[in-house]
Structures are given as C-alpha cells and as structure tokens.
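Student: Have a look at the structure that comes next, please.
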Amino acid sequence: MPGKTMNEFLSAALIVSGLAFFIAGGVGLLRLPDVYSRLHALTKADNLGLGLLVFGLLLSTDDAFVAVKLVLIWVLVLASSAASTYLIAQRARRRERGVWKP
Amino acid sequence: METLAWILLDTMLVTALLALGWGSLASKDLRRGVVLFIGFGLLLALVWVRLRAPDIALAEAAIGAGLTGALMLSALRDEPGTSSEAAGDASVRSTPVSASLLLTLLSAGLAIVLGAAFICALDRTDPASLAEEVFANLGVSGVSNPVTGVLLNFRAYDTLLELAVLTAAVLGILSLGPARSGYQASGPMLSGLTGWLVPVILVVSGYLLWVGAKAPGGAFQAGALLAAAGVLLRLAGHPSGGLPRELALRGLMVVGVAVFLIIGLTLMLVGRGFLDYPVAWAGSLILAIESAATLGIAATLIVAFLCGDPGQRPENHETADSGVPLAKCENNRRNTPR
Amino acid sequence: MITQQLIFGLAGVALFSLGLRMAFSPRALLRRILAINIAGAGLFLLLVSVAYRGREMAPDPVPHALVLTGIVVAFSATSLALALGRRLGGHREDD
Amino acid sequence: MTSFLLLSTIVLGVSLGLGLVRVFKGPSIEDRMMSVQLLGTSGVGMLLLSAPLLDISSNVDVALVLALLAAVSVAALTVRERVAGQDHE
C-alpha cells in the first residue's frame, strides 16, 4: 500500500519537525539573555513543537475519539501557554526584572 | 539496541526525578524549593506512565499539577520571611554535629533495610500472587479495570476507610478556623481562561469517572480533577472556589462516605456481607458509589486547599474575623522568630 | 528480576531516605513538609516498581490501588499539616 | 515504528533536560516557573508518544489532564492576595 507508507512518512516528518521546535525551545530557554526573550523561546515548544507532534500522531491514529482528544490537548496547551506567558511577563514587569541590552 | 535505548530513557527520567527531589530540599531559597517540587510532581507522573500505571499517573497529574503546586505556593505566603526573593529557612536553628550525623546514619540504615527488602520482594516469583487472583476474579467484579476492581470491590472496605480518613483530615482543617483570605479578582487573561477551562475540566472529570469502570480513571482521579477546577476558580477570585456554604458544604463532604456506607449496610440487610455486591448489580452499585465519592473527594480537597472553613469568613472583609489572622501573618513576616 | 524494577525501585529508596533525613532537619515547616512528601513519593515509587512486570505484561493492580489512594490521602495530610502550621504561626505572636 | 517513537521520546527527554537546567539556574522565580512550563509541555509530548509506544491508549488521558491544569501553578504564583479594605468585588 503506497498510501500507507506515504502517510507514515508524513507522520514521521511532522513529528521530527515538532521535535526540532522542542529542542529549539529548550536551547533558547537556556541561552537567551533575559526573562522576556526566554519566554519567547518557550512558546516555540508549546505552540509549534506540540502542534506538529499532535498532527504527526493524528495521521497514525485510527480512533476518532483519540484524534479529538489529541487536538483538544493542543488547543488547551495553546490557551494555557498564552495565558501563563502573559501572567509571567506581567509579574516580571511588576518586579522590574532587567531587560537585556546589547 | 532497543533495550539500551529504554535504559537510557529510564535513566534520564530517574536522574531528573532525583535531581528535582534533591534540589527542592537542598536549595537555600524556599520558593526555589517549591517550584522544583512542582517539577518533581510532573516527572513523577511521567514515571508512573513509564511503569504502566496510568491510573496513578492520572491522579498524580491532577493532584501534582493542579493541587499540590497551588497549595504550596499559597502556603509560601504564610511562611515567615519569604516575602523577599532570596529568603530561605529563616527560622533555622543549628543542631549539634553529633545529632545530625546520627540522623544521617539512621536514614541511611533505614534505606539499606528498605533496599534489601525490595530486592527480596523482587526475587520472590510467587505464581499464586494477589495479581493472579485479581485477574481471575475480575469477571464477577462488575468492572473490567483491575485497579477499580480492587478499589471498589475486592478491597472496598479499605477504600471506605480511606475516604473516612480523608474526611477526618479535612474536618481537622475545618475546625482550625476560617479559610485563607483569598485572592484579588484576576485580570482579563486569567478570568477568561478560567471561564472556558472550568467547563472543559467538568466534562473531562465526568469522563474519567465514567471510563473508570473499563479503563484508567475513577472516583479519585475525577475528584482530584474536579477539585483542581475549584482551585482555578479560587485563584481567579471566586471566594470559596465554587463550594457551597454551611450545611450544603458539610453534606457534600460526607456524601461519598455516606453513600458507601448506605450501600454496604443495605446489602447486609438483604442478607449479604458488608459491601458484598450481587454480581448483576455490581457495576451499577460501583458507579453509584464512585459518583458520590467523586463529589465528596472534590469538596474535601477544595477545603484542604482553602486551608480552613470558607463559610466562617463573612462576605464583609472589614470584620475582625478575617482581619486578625492576616494581621498575624503580616507580623510574622516582619520579625523573624528565634 | 527486571532492570527497570531495579532502576526505579532503588531511586525510590534513595528518595525515601533523602526525604526522611531532611524531614528531621531543623528547617522551615514548609520545607519539612516537602521532605515528607518526597519520602512518601519514594515509597510509592518502590511499591509501583514491585508491581511492574515488564513492558509487555499487565502490572499487579493491588499496589497500584494502594498508591492511588495513598496519593490522595498524602495530599490531605499535607494540607492538614500546613493548616496546623498556619495556626501555629498565628499563635506564636500571642505568647 | 517503535524505535522511531522511542528515539523521539528520548529527544523530548533532552528538551525536558534543557528546561531542567534553567529550572535550577533561575535566576528569577519567573524563569524557574516558565521552565517548569517547558517540562510540562515536553512531558505532554512524551505522554502522547508513549500511548502508541507502550500500547496504552489512556496515556492520552494523562496528557489531557496535564494540559488542562498547565496554567494552575503559574496562576497560583502570579495572583495577588486579597487585602482587607482593598477589594474589587
């Protein structure tokens, strides 16, 4: 079945690109100089990394209910990440955390 | 090759777990300790999944991510001397070197005993273990998830007592006085998120309760998740985390134990043993007990998070009733004791 | 005996003794409560490792049921301890 | 397929490890908290991969619970205590 292998290949490609964003997010969190830029790195893993991973897994799942749960997980993480990065940035501003100057 | 990869993954998990556990206890700054502890709970949920214990992982995810972290962070505000960023264990007294050495030796000795017992337990390959009994009798338990079968049928008596312990602990908390003072109404971001997250949590909690009969889930997981919804409401500014007041709250707290007992005693009245379900009824009776237990567990866990009675604090915040404990906390922060 | 059981079980023993040692050290109350929780987590890890029977086989459900209720009870005990501590902190001012 | 999933899980573990270093380094509490967020998201990813890897479909439910409660700790850190006489209700 060529369709099946195509599907598997696409699924693997999506998962691998998702992983790349996870690693990028992790490295960014470690290397970037201040709180605000690190927050920016974090969202790459939350939004794109997990999103690509979810879509990769969607292609290889047969169960419609599991597929709905996968998408729901991504939407939840998106919303939580948006809210919590906002809250963290707000708190950092309130405490006057330093901004990196080149 | 694959075996090596598994061992690599397991070693990574264990290393991260031990590092977080050590870090949360060893760090000077108490805040740092609490945040590391939240990470520890997260890692623990991953470890449970790795050890094929999704039932436990669900409970750990709900309690570790939703309840313990929030509880510790709000308790942090009570600790003296933590209002500044770098504060740590302000009230540390020094112990004599000999006592601390003795304690270390004692803990190490206990660890060796425990480790030896563990190795012995692994070496014993008993064919007639409890696990085989559970799997052999699962057909007549009314559920197909073995953990739910153990909790609500084979060892239902234990679970009843566990719920009673839970209720007793929270009765203790209730009797200690009014709840914490609560939080300011949150900004648009958090209240917006809470507004649509709480209904989704309710649905997922109901799903976990329902699915517990045949897959990982059940009253403890559903109740803990439901309680997390209450915590979220509380953080967003709701004064009692969605709980009712007075009599309704008391009723909600004991409903799990009550329904459990009523079903158990009714079965005795009709001539069976205590909690000895008829096979045809077992599934429905277990679902009834679990539904009541979910509500009871959620209510008790929310009261545990509130750290006191939400009803005792009047709506009017200017009365002395709510003002006094807060003022005491403030005093505490200023003069470092001892 | 399975390697995984050994890895996770001994980690459980390590966490238990670490938590126990720290729980007895004279530090802030919250820290000692953290320590007890970590010791408890170590014991849970030990129990679940004993229950583990390989990647392909269903594990023993009895320790799982034990640990499951243990987690919920540990949380309520933790919050009772914190509530007592909060009360104690309030009373320290009185004497 | 199994070895691919296993390898991907290990890569996510590396991402989790990177986050872990920042949790320890800090320096501010905000840094630590956001790194715990990364631990959570990597953990959710690992759980999703573990469902086909260990062949336990309910691992997705564990990920769902973690995703639902991802914001609770951050909220608990950032909310401000209500002070008597300074109410917005």
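Chains as they are written, first to last, in this note's numbering: chain R, 1243 to 1344; chain G, -6 to 331; chain D, 3 to 97; chain V, 86 to 174.
Note that the Cβ used here is the ideal one computed from N, Cα and C, for glycine as well.
Quantities reported herein were computed from a predicted structural model and do not represent experimental measurements.
Does residue 1328 of chain R have its Cβ less than 7 Å from a Cβ in chain C?
Tutor: Protein chains in the displayed structure are R, G, D and V, and chain C is not among them.
Student: Beta-carbon within less than 7 Å of residue 354 of chain G's beta-carbon, same chain only, minus the 5 sequence neighbours each way: which residues are those?
Tutor: Since the first and last residues shown for chain G are -6 and 331, residue 354 of chain G lies out of range.
Student: What does residue 97 of chain G touch in chain D if you count any residue whose Cβ is under 7 Å from its own?
Tutor: As a first step, residue 97 of chain G must be located in the second sequence, where it is residue number 104. In chain order: 23.
Student: Taking the beta carbon of residue 1286 of chain R as the centre, do at least 16 other beta carbons fall within 10 Å, making it buried, or is it exposed?
Tutor: Counted from its first residue, the first sequence places residue 1286 of chain R at position 44. Label assigned to residue 1286 of chain R: buried.
Student: Determine the closest residue to residue 8 of chain D out of G/135, G/114, G/272 and G/218, with distance taken between C-alpha atoms.
Tutor: Position 6 of the third sequence, counted from the start, is the residue given in the question as residue 8 of chain D. Residue 8 of chain D has its Cα closest to that of G/114, out of G/135, G/114, G/272 and G/218.
Student: Considering only the alpha carbon of each residue, which of R/1269, R/1315 and R/1278 lies closest to residue 131 of chain V?
Tutor: Mapped onto the fourth sequence, residue 131 of chain V falls at position 46. Answer by Cα proximity: R/1315.
Student: Opposite residue 176 of chain G in the DSSP bridges: which residues?
Tutor: As a position in the second sequence, residue 176 of chain G is number 183, starting the count at 1. For residue 176 of chain G, which the question treats as bridged, DSSP gives the partners V/166.
Student: Along chain D, in chain order, which residues have C-beta atoms closer than 7 Å to that of residue 213 of chain G?
Tutor: Here residue 213 of chain G corresponds to residue number 220 of the second sequence, with the count starting at 1. Per Cβ cutoff of 7 Å: 70, 71 and 74.
Student: By DSSP, does residue 62 of chain D sit in helix, in strand, or in coil?
Tutor: For the purposes of this step, residue 62 of chain D is taken as the residue at position 60 of the third sequence. Correct three-state label for residue 62 of chain D: coil.
Student: Kindly say whether residue 65 of chain G, judged by its beta-carbon, lies nearer than 7 Å to any beta-carbon of chain R.
Tutor: For the purposes of this step, residue 65 of chain G is taken as the residue at position 72 of the second sequence. Judged by the 7 Å Cβ criterion, residue 65 of chain G is not in contact with chain R.
Student: Taking Cβ to Cβ, would you say residue 285 of chain G is nearer than 7 Å to residue 252 of chain G?
Tutor: On the second sequence, position 292 is the one that residue 285 of chain G refers to. On the second sequence, position 259 is the one that residue 252 of chain G refers to. Yes, they are a contact pair.
Student: With a cut-off of 8 Å on the beta carbons, I'd call residue 233 of chain G and residue 218 of chain G a contact; round off their distance for me.
Tutor: For the purposes of this step, residue 233 of chain G is taken as the residue at position 240 of the second sequence. For the purposes of this step, residue 218 of chain G is taken as the residue at position 225 of the second sequence. In fact, because the Cβ distance is near 19 Å, the residues do not count as touching under 8 Å.
Student: Is residue 1335 of chain R close to chain G? Criterion is C-beta to C-beta, closer than 7 Å.
Tutor: Taking the first residue of the first sequence as position 1, residue 1335 of chain R is located at position 93. No, its Cβ sits nowhere closer than 7 Å to a Cβ of chain G.
Student: So for residue 116 of chain G, helix, strand or coil by DSSP?
Tutor: Counting from 1 along the second sequence, the entry for residue 116 of chain G is found at position 123. In the structure shown, residue 116 of chain G sits in a helix (DSSP, three-state: H, G or I).
Student: Give every residue of the same chain whose Cβ lies closer than 6 Å to the Cβ of residue 142 of chain V, excluding the five residues on either side of it in the sequence, and list them in chain order.
Tutor: In the fourth sequence, counting from the first residue as 1, residue 142 of chain V sits at position 57. Cβ neighbours of residue 142 of chain V beyond the five flanking positions: 136.
Student: Leaving out the 5 sequence neighbours to the left and right, which residues in its chain are closer than 7 Å to residue 52 of chain G when beta-carbon positions are compared?
Tutor: Position 59 of the second sequence, counted from the start, is the residue given in the question as residue 52 of chain G. Excluding positions up to five away in sequence, the list reads 213, 214 and 217.
Student: Pairing CB atoms from the stretch 15 to 23 of chain D with CB atoms from the stretch 97 to 110 of chain G, are three or more of them under 8 Å?
Tutor: Touching, yes, given that three or more Cβ pairs across the two stretches are closer than 8 Å.
Student: Taking only beta-carbon atoms, is residue 1306 of chain R less than 7 Å away from chain G?
Tutor: Residue mapping note: residue 1306 of chain R aligns to position 64 of the first sequence, counting from 1. It does not; no Cβ of chain G falls within 7 Å.
Student: Quick one: using the 10 Å Cβ neighbour count with 16 as the cut-off for buried, is residue 127 of chain V buried or exposed?
Tutor: Within the fourth sequence, numbered from 1, the residue matching residue 127 of chain V stands at position 42. It is buried - the Cβ of residue 127 of chain V has at least 16 other Cβ atoms within 10 Å.
Student: Since residue 253 of chain G meets chain D, which of its residues come closer than 9 Å, beta carbon to beta carbon?
Tutor: Translated into positions along the second sequence, residue 253 of chain G becomes position 260. Per Cβ cutoff of 9 Å: no residues; residue 253 of chain G is ~13 Å from chain D at best.
Student: Just to confirm before moving on: does the CB-CB distance between residue 182 of chain G and residue 1331 of chain R stay below 7 Å?
Tutor: By one-based count along the second sequence, residue 182 of chain G stands at place 189. By one-based count along the first sequence, residue 1331 of chain R stands at place 89. Cβ atoms of residue 182 of chain G and residue 1331 of chain R: not closer than 7 Å.
Student: Roughly how many angstroms lie between the CA atoms of residue 211 of chain G and residue 32 of chain D, to the nearest whole one?
Tutor: Residue numbering aside, residue 211 of chain G sits at position 218 when the second sequence is read from its first letter. Residue numbering aside, residue 32 of chain D sits at position 30 when the third sequence is read from its first letter. Cα to Cα, residue 211 of chain G sits roughly 31 Å from residue 32 of chain D.
Student: Indicate the three-state DSSP secondary structure (helix, strand or coil) for residue 311 of chain G in the structure shown.
Tutor: Residue mapping note: residue 311 of chain G aligns to position 318 of the second sequence, counting from 1. Confidence is the limiting factor: at residue 311 of chain G the pLDDT is only 40, short of 50, which leaves the residue's position unreliable and the question unanswerable from this model.
Student: Decide if residue 1310 of chain R is buried, meaning its Cβ has at least 16 other Cβ atoms within 10 Å, or exposed.
Tutor: Counting from 1 along the first sequence, the entry for residue 1310 of chain R is found at position 68. Exposed, by the Cβ-count rule.
Student: When the cut-off is 7 Å and only beta carbons count, does residue 118 of chain V lie next to chain G?
Tutor: Residue numbering aside, residue 118 of chain V sits at position 33 when the fourth sequence is read from its first letter. Yes, contact with chain G.
Student: Restricting to Cα atoms, I'd like to know which of D/85, D/87, D/83 and D/77 is closest to residue 290 of chain G.
Tutor: Within the second sequence, residue 290 of chain G is the residue found at index 297, counting from 1. Closest by alpha carbon: D/77.
Student: Who pairs with residue 171 of chain G in a beta bridge, going by DSSP?
Tutor: Within the second sequence, numbered from 1, the residue matching residue 171 of chain G stands at position 178. Paired residue(s): G/302.
Student: Return the residues of the stretch 175 to 192 of chain G that lie within a Cβ-Cβ distance of less than 7 Å from chain R, sorted by chain order.
Tutor: Cβ contacts with chain R come from 182, 183 and 186.
Student: Under 9 Å between beta-carbons, which chain D residues line up against residue 290 of chain G? List them in chain order, please.
Tutor: As a first step, residue 290 of chain G must be located in the second sequence, where it is residue number 297. Chain D residues near residue 290 of chain G: 74.
Student: Quick check: the stretch 45 to 64 of chain D against the stretch 40 to 60 of chain G, are at least 3 beta-carbon pairs closer than 8 Å?
Tutor: Yes, they touch.
Student: Could you work out which residues of chain V lie near residue 1311 of chain R, taking near to mean beta carbons separated by less than 7 Å?
Tutor: Mapped onto the first sequence, residue 1311 of chain R falls at position 69. Going along chain V in sequence order, the residues near residue 1311 of chain R (Cβ under 7 Å) are 145 and 149.
Student: What are the boundary residues of the alpha helix (DSSP H) that includes residue 371 of chain G?
Tutor: This structure cannot speak to residue 371 of chain G, because chain G is shown only from -6 to 331.
Student: Taking the C-alpha atoms as reference points, what is the distance between residue 201 of chain G and residue 224 of chain G?
Tutor: As a position in the second sequence, residue 201 of chain G is number 208, starting the count at 1. As a position in the second sequence, residue 224 of chain G is number 231, starting the count at 1. Near 19 Å, if we compare the C-alpha coordinates of residue 224 of chain G and residue 201 of chain G.
Student: Measure the C-alpha to C-alpha separation of residue 100 of chain V and residue 121 of chain V and round it to an integer number of angstroms.
Tutor: Counted from its first residue, the fourth sequence places residue 100 of chain V at position 15. Counted from its first residue, the fourth sequence places residue 121 of chain V at position 36. Between residue 100 of chain V and residue 121 of chain V, the C-alpha separation is close to 12 Å.
Student: My output table needs one value for residue 140 of chain V: the three-state DSSP class, helix, strand or coil.
Tutor: Within the fourth sequence, numbered from 1, the residue matching residue 140 of chain V stands at position 55. Looking at residue 140 of chain V - three-state DSSP - the assignment turns out to be coil, as it is neither helix nor strand.
Student: Given a cut-off of 7 Å, decide if residue 1271 of chain R and residue 1280 of chain R are closer than it, judged by their beta-carbon atoms.
Tutor: Here residue 1280 of chain R refers to the residue found at position 38 of the first sequence. Here residue 1271 of chain R refers to the residue found at position 29 of the first sequence. Against a cut-off of 7 Å, the Cβ pair of residue 1271 of chain R and residue 1280 of chain R comes out as a contact.
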